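Here the sequence shown is numbered in the UniProt record's numbering, starting from 1 and rising by one per residue. In what follows, a single structure is set out as structure tokens and then discussed.
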Amino acid sequence: MRTKTDKIFGAHAPSQLTSTQAMKFTFLATAGIIAAADAANILIVGDSMGEFSTNVLETYCSGSTVKNAALGGTKADDWADMGADAIDGCGSSFDYVWMSFGGNDLLESSGCSMSASTIQSKVTAAVNNVKSTIAPGASKYLLTCYCQPQGPEIGSACNTPQLVSKLCDGIKAAADADTDVEYVHSLEACGGSASAWSKSGYFEDQIHLNKRGYCKIITQSAVQSLFECNTGSYNCDTEDCTMTGYNLQCTGDAGKDEYDGGACTAIDNDGGGDNDSDIDDGGGAASSLRLSFWAAGMAVAAVTGAGAII
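Pasting the structure below:
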């Protein structure tokens with residue numbers, strides 16, 4: 001964590017202490033350093049993986065202050081073209097930027113056939129625009145891949161675990177090529193793997209995370225370290241599932257206003273089964289998938305100039 005130490009000890013620290021006094025002094029000084037830690041200012045940009053996290057990052061990254069400018073349904077291509085007004089209302093000075101790009105780009109490709117190298121290129125363009133135009137000057141930028149979904153939901157071209165693994169490969173390659181960007185894999189964070197679906201208890205629907213799922217993403221040690229979160233203890237499996245705070249999207253363009261998941265289910269059940277989501281699981285086109293796969297089902301035309309609702 002970042003600390004302010006110049007005012008901890010003052011100008012009159014004793015030069016000679018007994019061992020007991022020294023121990024007390026050290027303890028109090030340490031406590032003072034912790035208390036004086038600066039809050040990390042974090043901006044979230046990207047698709048619904050970002051938007052639907054609302055402000056829960058503040059819950060699981062103690063000491064952080066979060067502004068969420070992400071927009072469900074957007075692609076890396078969209079963020080590569082946005083201007084500084086993409087975060088109007090969110091502030092202008094951030095320590096860290098959490099970016100979620102690439103999912104919708106893959107899903108809008110014909111048959112979900114986009115290659116990892118093409119994903120890398122698109123994510124790289126989005127990251128470069130965030131760094132140069134949308135949120136320049138942050139000390140570090142974070143890309144995370146997505147939790148493996150809890151199961152298939154739509155057409156055969158897009159319903160295998162290996163597709164998200166390919167997506168992660170492209171995102172990781174974009175991060176690895178940029179010294180300003182860190183990557184946290186996250187594919188296995190919700191109990192899945194490159195070849196197996198995640199546990200359904202971490203999800204609002206087949207694809208989108210509930211509060212327990214976001215807890216699993218955010219409390220990964222690499223995320224906690226990067227964002228310099230104050231030390232905390234979390235048991236994600238006993239957290240409430242319901243997400244709140246959708247109205248906190250700082251640009252005022254939120255595409256979701258309430259949690260759509262049901263009651264919490266046991267974490268140890270396997271993914272891939274049915275759930276209570278009202279999202280259509282029929283059809284084979286990416287248009288059906290986008291409604292459930294980190295897309296808000298919202299119009300992005302006002303932000304990106306696109307003419308579609310994704």
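Think of the CB as a built atom: it goes at the ideal place given N, C-alpha and C, for glycine as much as any other residue. Note that the structure is a prediction, hence the values are computed from the model and not measured.
Residue from the options whose Cα sits closest to the Cα of residue i
i, options, result
"N129", "D77, G89, C168", "D77"
"Y60", "G261, I134, K75, F227", "F227"
"G262", "C158, G255, K211", "K211"
"I218", "Q206, T265, G232, I207", "G232"
"T65", "S109, G73, V56, G72", "V56"
"F203", "M243, G170, Q224", "M243"
"S117", "E51, A177, G72, D268", "A177"
"C215", "D268, N235, A84", "N235"
"I99", "L43, Q150, C241, A222", "With the sequence shown as reference, residue 99 is identified as Met, and Ile is not the correct amino acid for it. Nearest of L43, Q150, C241, A222 to M99, Cα basis: L43."
"T265", "I207, C241, E258", "C241"
Cβ-heavy atom distance, residue i to the ligand ZN, below 7 Å
i, result
"C236", "Looking at this structure, you won't find the ligand ZN or any other ligand, since it has none at all."
Pair within 8 Å by beta-carbon distance, residue i and residue j
i, j, result
"Q220", "S186", "yes"
"S141", "V127", "A small correction: the amino acid at residue 141 is Tyr; Ser does not occupy that position in the sequence shown. Cβ distance < 8 Å, so Y141 and V127 count as in contact."
"N68", "S53", "yes"
"Y96", "S132", "no"
"W197", "Q148", "yes"
"G72", "T251", "no"
Helix, strand or coil at residue i [DSSP, three-state]
i, result
"L106", "helix"
"T59", "helix"
"L209", "strand"
"E51", "helix"
"D83", "Going by the sequence as given, residue 83 is Gly instead of Asp. Residue state, collapsed to three classes: coil."
"I267", "coil"
"N41", "strand"
"L163", "helix"
"D65", "Per the sequence presented here, residue 65 reads as Thr, with Asp not at that position. DSSP places T65 in strand when its eight states are reduced to three."
"K75", "coil"
"T18", "Here T18 scores only 47 on pLDDT, less than 50, and its place in the model is too uncertain to base an answer on."
Beta-carbon contacts of residue i that lie in its chain and below 6 Å, excluding the five residues immediately before and after
i, result
"S62", "C229, N230, G232"
"P152", "N159"
Own chain, CB closer than 8 Å to residue i, minus 5 neighbours either side, in chain order
i, result
"E58", "S64, T65, V66"
Nonlocal neighbours in the same chain, by C-beta distance under 7 Å from residue i, ignoring five residues either side
i, result
"I119", "G102, D105, L106, L167, G170, I171"
Residue i, buried or exposed, once every other Cβ within 10 Å from all chains shown has been counted against 16
i, result
"N247", "exposed"
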